[in-house]
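Report on the following structure.
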Amino acid sequence: MRPINKGAAPRVYREYGDAQLDLISTIGKFCSYCERRITTSIAVEHKKPKDPYPQFRLDWANFLLACPNCNSTKSDQKIKLSRYFWPDTDNTFCVFEYTPEGFVKPRRSLPRWARRKARRTLALFGLDRYPNHRHRPHRSTNKDSRWNDRRNQWEKAISMRDTLAELDTPRMRECIIINARDGNFSIWMEVFKDDIDMCQRLIAAFPGTASDCFDAHGRSFPYPGR
Numbered sequence: 001m002r003p004i005n006k007g008a009a010p011r012v013y014r015e016y017g018d019a020q021l022d023l024i025s026t027i028g029k030f031c032s033y034c035e036r037r038i039t040t041s042i043a044v045e046h047k048k049p050k051d052p053y054p055q056f057r058l059d060w061a062n063f064l065l066a067c068p069n070c071n072s073t074k075s076d077q078k079i080k081l082s083r084y085f086w087p088d089t090d091n092t093f094c095v096f097e098y099t100p101e102g103f104v105k106p107r108r109s110l111p112r113w114a115r116r117k118a119r120r121t122l123a124l125f126g127l128d129r130y131p132n133h134r135h136r137p138h139r140s141t142n143k144d145s146r147w148n149d150r151r152n153q154w155e156k157a158i159s160m161r162d163t164l165a166e167l168d169t170p171r172m173r174e175c176i177i178i179n180a181r182d183g184n185f186s187i188w189m190e191v192f193k194d195d196i197d198m199c200q201r202l203i204a205a206f207p208g209t210a211s212d213c214f215d216a217h218g219r220s221f222p223y224p225g226r
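Residues in the sequence shown are numbered from 1 upward in steps of one, following my numbering.
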């Protein structure tokens, strides 16, 4: 999950929907949770849902961007923010690992308390769903292709990495960044983790990425706090 930095509120909002363009300008047209690029129907998402917590309805600190899948799965349930990891306040990159099969899991290197918190976060947005999961609540439906989108992005990133190994030119590296801008930042970072230059380029290419979560070599710091 890409850690992001929204900065201070650019203005005061009369309607929360008015924040959409400011959010897109700041962190890009990407779902803050599943990392997919959403060209239409991307929503201003309230970390603390607006119905049970109306006092945060217009609060910039409570805003993120979400795709229809992540937004509807989270719904309007009452939550305590400290029980979950959030991309605008935590180093969420070091919390989750991504697999070639399209799965997202807590990193095994995390302490037990952080793994529990990571699992709650995945469940909150349904990011732990995939077909034929042994537990029915974690099975994806035909309308939820997030796991398959991750798998496809992984395959594309691997293909681009193999091409770079055969033709390592500045132009090819630029081409990879153009392809990576389709979304799934964490997958591209994982696939190119041994290429310092590509990691630095990826961090710079996605607007609003929290660069303070990474060292000079583009590697994430190993702790979830900021």
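Backbone N, C-alpha and C define an ideal beta-carbon position, used for all residues, glycine too. These figures come from a predicted structure and were not determined experimentally.
Are residue i and residue j touching if we call contact CB-CB under 7 Å?
i      : j      : result
Thr121 : Phe85  : yes
Pro87  : Ser32  : yes
Glu35  : Asn71  : no
Trp147 : Gly102 : yes
Ala216 : Ile177 : no
Met160 : Asn184 : no
Arg37  : Asp182 : yes
Phe93  : Pro222 : no
Among all the DSSP beta bridges, which residues are the ones paired with residue i?
i      : result
Gly183 : Arg36
Phe206 : Its beta-bridge partners do not exist; DSSP assigns none.
Tyr98  : Val104
Val44  : Leu65
Ile4   : Thr209
Phe56  : Its beta-bridge partners do not exist; DSSP assigns none.
Please report the Cβ distance between residue i and residue j, rounded to the nearest whole angstrom; I am assuming they are in contact, meaning their Cβ atoms lie under 8 Å.
i      : j      : result
Ala118 : Leu110 : 7 Å
Pro10  : Asp22  : 5 Å
Gly208 : Asn5   : 6 Å
Val104 : Pro224 : No, Val104 and Pro224 are not in contact; Cβ-Cβ is about 15 Å, not under 8 Å.
Trp154 : Pro100 : 5 Å
Pro54  : Gln77  : Not really, about 15 Å apart at Cβ, beyond 8 Å.
Tyr13  : Leu58  : 5 Å
Leu229 : Lys47  : The structure shown has nothing for residue 229, since the chain only spans 1 to 226.
DSSP three-state label for residue i, please.
i      : result
Ile177 : helix
Glu155 : helix
Ile196 : helix
Phe30  : strand
Ser25  : helix
Phe125 : helix
Asp221 : Sequence inspection shows Phe at residue 221; the Asp mentioned does not correspond to that position. If DSSP states are grouped into helix, strand and coil, Phe221 belongs with coil.
Phe85  : coil
Looking at chain D, is there any beta carbon in it that lies within less than 7 Å of the beta carbon of residue i?
i     : result
Asn91 : This model lacks chain D altogether, as it is built from one protein chain only.
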